[in-house]
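To start, the structure itself, in structure tokens.
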Amino acid sequence: FGHTALSSGLVLGITAFPAGSNDNPDHDDPPPSTPAPAIPAPGKERPAGAPPRPRGEDFHLAGDRGLARGWKQRARDNLKAIRLAVEIESQKRPATPEEQGRLIRFTGFGASDLANGVFRRPGETGFRPGWEEIGAALQDAVDDADYASLARCTQYAHFTPEFIVRAIWAGLLRFGWRGGRVLEPGIGTGLFPALMPQPLREISHITGVEHDPVSARIARLLRPRARIIAGDFARTDLPARFDLAIGNPPFSDRTVRSDRAFRSLGLRLHDYFIVKSLRLLKPGGLAAFVTSHGTMDKADGSARELIAKQADLVAAMRLPEGSFRADAGTDVVVDVLFFRRRK
163 FGHTALSSGL VLGITAFPAG SNDNPDHDDP PPSTPAPAIP APGKERPAGA PPRPRGEDFH
223 LAGDRGLARG WKQRARDNLK AIRLAVEIES QKRPATPEEQ GRLIRFTGFG ASDLANGVFR
283 RPGETGFRPG WEEIGAALQD AVDDADYASL ARCTQYAHFT PEFIVRAIWA GLLRFGWRGG
343 RVLEPGIGTG LFPALMPQPL REISHITGVE HDPVSARIAR LLRPRARIIA GDFARTDLPA
403 RFDLAIGNPP FSDRTVRSDR AFRSLGLRLH DYFIVKSLRL LKPGGLAAFV TSHGTMDKAD
463 GSARELIAKQ ADLVAAMRLP EGSFRADAGT DVVVDVLFFR RRK
């Protein structure tokens with residue numbers, strides 16, 4: 163699909179901004195973090211006579227999340243969601259719809275204002291002035307493994323704005339996608355399935371993979387009927403049977419070497435997510451990704467060649483600079499790419 167140019171063919175309606183360290187040389191990826199507490203796996207025996215654990219209902223977002231405008235309040239809402247998720251899981255019950263409405267406000271700490279405020283900078287013993295209370299509260303709210311994961315994820319935890327997710331679903335409907343098995347690698351808390359159009363909800367099943375245990379814990383409470391895997395996508399084996407792959411792969415220049423099947427290719431993280439996801443699609447399956455502009459623009463075309471061997475680029479759009487600013491606190495330039503797996 164060329165080397166640097168974007169092809170088109172689909173109007174998504176995105177025309178303006180919305181209102182409002184590993185010592186092993188063969189494994190330069192971070193070691194997998196401690197998994198989030200999981201719902202018992204299928205087939206795991208319960209004590210005799212124990213009632214089944216209530217499952218709960220999947221969350222669907224009708225309006226918007228009501229994200230706070232200020233970064234300090236956004237951090238406080240993140241903290242509330244973290245504590246609420248721990249409380250619900252400790253009580254071994256599903257989240258109520260009202261609680262799910264609060265959990266969906268968790269957006270991670272990838273925005274530079276959040277990352278620089280809630281985490282100490284290297285070599286410093288204190289938090290940034292004005293952030294001492296929030297920074298200390300985050301340390302108290304999670305264990306060491308979860309804290310390290312949240313800090314590491316600030317490199318690429320830029321959650322997708324709602325108006326972009328809605329436009330992607332509109333595009334998939336125009337391409338004729340009518341439900342099936344859905345894969346979202348790097349699912350975060352599950353905003354893409356939360357915004358799935360109503361006609362698709364009862365005929366689709368979500369499989370989500372999330373490396374950060376805090377986000378995975380929240381995703382399970384928001385999507386109790388989905389399969390949420392708390393783990394590294396590069397270390398997760400999945401069958402090639404999906405009808406759709408969707409999501410916002412983490413943007414990073416880090417090279418993925420922990421997946422032996424792809425180690426020799428030297429793929430950057432976001433390109434790896436796309437290439438592997440395409441391999442997991444059925445012939446004729448669709449994919450829609452929000453990805454760094456580097457996938458299309460970088461001089462090295464090897465990732466694009468790998469993608470082109472598997473799938474056709476059926477539509478693409480470059481978003482205006484700043485599209486992620488209000489929701490994710492970054493001005494990264496991103497593309498929305500649609501693919502169809504070759505039969």
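Numbered according to our numbering, the sequence shown terminates at residue 505, and the numbering increases by one at each position without gaps.
For each residue, glycine too, the CB sits at the ideal point set by N, CA and C.
Continuous beta strand (DSSP E) stretch holding residue i: start and end
| i | result |
| --- | --- |
| Ser454 | Leu443 to Ser454 |
| Ala478 | Ala473 to Arg480 |
| Leu499 | Val496 to Arg503 |
First and last residue of the uninterrupted alpha helix (DSSP H) at residue i
| i | result |
| --- | --- |
| Gly409 | Where Gly409 is concerned, there is no enclosing alpha helix (DSSP H), although the beta strand (DSSP E) it sits in stretches over Phe404 to Gly409. |
| Arg267 | Element bounds for Arg267: n/a, residue is neither H nor E. |
| Ala356 | Leu353 to Ala356 |
| Arg392 | Sequence inspection shows Ala at residue 392; the Arg mentioned does not correspond to that position. From DSSP, Ala392 is part of no alpha helix (DSSP H) but of the beta strand (DSSP E) over Arg389 to Ala392. |
| Asp307 | Reading off the sequence, residue 307 comes out as Ala, not Asp. Where Ala307 is concerned, the enclosing alpha helix (DSSP H) stretches over Asp306 to Arg314. |
| Trp331 | Glu324 to Arg336 |
| Ala378 | Pro375 to Leu384 |
| Ile296 | Glu294 to Ala303 |
| Gly279 | Ser274 to Val280 |
| Pro361 | Gln360 to Arg363 |
Cutoff 6 Å; reference residue i; Cβ partners in own chain excluding five residues on either side
| i | result |
| --- | --- |
| Arg208 | Residue confidence for Arg208 is low, a pLDDT of 48 falling below 50, so the modelled location carries little weight; the figure read from the coordinates is stated next. Excluding positions up to five away in sequence, the list is empty. |
| Leu400 | Leu442 |
| Arg227 | Ile266 and Arg267 |
| Gly350 | Phe321 and Ser377 |
| Val452 | Thr322, Asn410, Val496 and Val498 |
| Phe435 | Pro347 and Pro411 |
| Arg363 | none |
| Trp233 | Asp275 and Leu276 |
| Pro259 | none |
| Arg425 | Arg419 |
| Pro359 | Trp331 |
| Ser454 | Phe413 and His432 |
| Ile365 | Gly341 |
| Pro202 | Low local confidence applies: a pLDDT of 36 at Pro202 is under 50, so the model's placement there is unreliable, and no value is given. |
Sub-9 Å separation of residue i and residue j beta-carbons
| i | j | result |
| --- | --- | --- |
| Gly142 | Cys315 | The chain is shown only over 163 to 505; residue 142 falls outside these bounds and no answer can be derived. |
| Leu431 | Pro412 | yes |
| Gly342 | Pro361 | no |
| Leu300 | Leu246 | no |
| Ser414 | Gln317 | yes |
| Phe500 | Ala470 | no |
| Asp433 | Ala465 | yes |
| Leu335 | Leu406 | no |
| His367 | Val344 | yes |
| Pro386 | Arg217 | yes |
| Ala396 | Lys438 | yes |
| Gly338 | Ile390 | no |
Nonlocal neighbours in the same chain, by C-beta distance under 8 Å from residue i, ignoring five residues either side
| i | result |
| --- | --- |
| Arg503 | Leu440, Leu443, Lys444, Pro445, Gly446, Gly447, Leu448, Ala449, Gln472 and Ala473 |
| Pro187 | The predicted model places Pro187 with a pLDDT of 38, which falls under 50 and marks its position as unreliable; any figure quoted below should be read in that light. Correct list: empty, nothing qualifies. |
| Pro256 | Pro216, Arg217, Gly218, Glu219, Ile250, Leu383 and Pro386 |
| Ala303 | Leu241, Ile244, Arg245 and Val248 |
| Lys505 | Pro445 and Gly446 |
Beta-ladder partner(s) of residue i, from DSSP
| i | result |
| --- | --- |
| Thr417 | Arg430 |
| Val344 | Ile368 and Leu406 |
| Ile250 | Bridge partners of Ile250: none, in fact. |
Own chain partners of residue i with C-beta closer than 7 Å, once the 5 adjacent residues on each side are dropped
| i | result |
| --- | --- |
| Ala237 | Leu276, Gly279, Val280 and Ile296 |
| Ala356 | Phe221, His222, Leu223, Ile266 and Leu384 |
| Phe354 | Val327, Glu346, Ile408 and Gly409 |
| Gly263 | none |
| Ala461 | none |
| Arg403 | Arg343 and Lys444 |
| Ala178 | Bear in mind that a pLDDT of 35 at Ala178, under 50, signals an unreliable position, so the number given afterwards is only what the model happens to contain. Closer than 7 Å at Cβ, skipping near neighbours: no residue. |
| Thr105 | No statement about residue 105 is possible, as the shown extent of the chain runs from 163 to 505 and does not include it. |
Contact test: residue i Cβ vs the ligand HEM heavy atom, cutoff 8 Å
| i | result |
| --- | --- |
| Arg422 | The ligand HEM is not part of this structure, which contains no ligands at all. |
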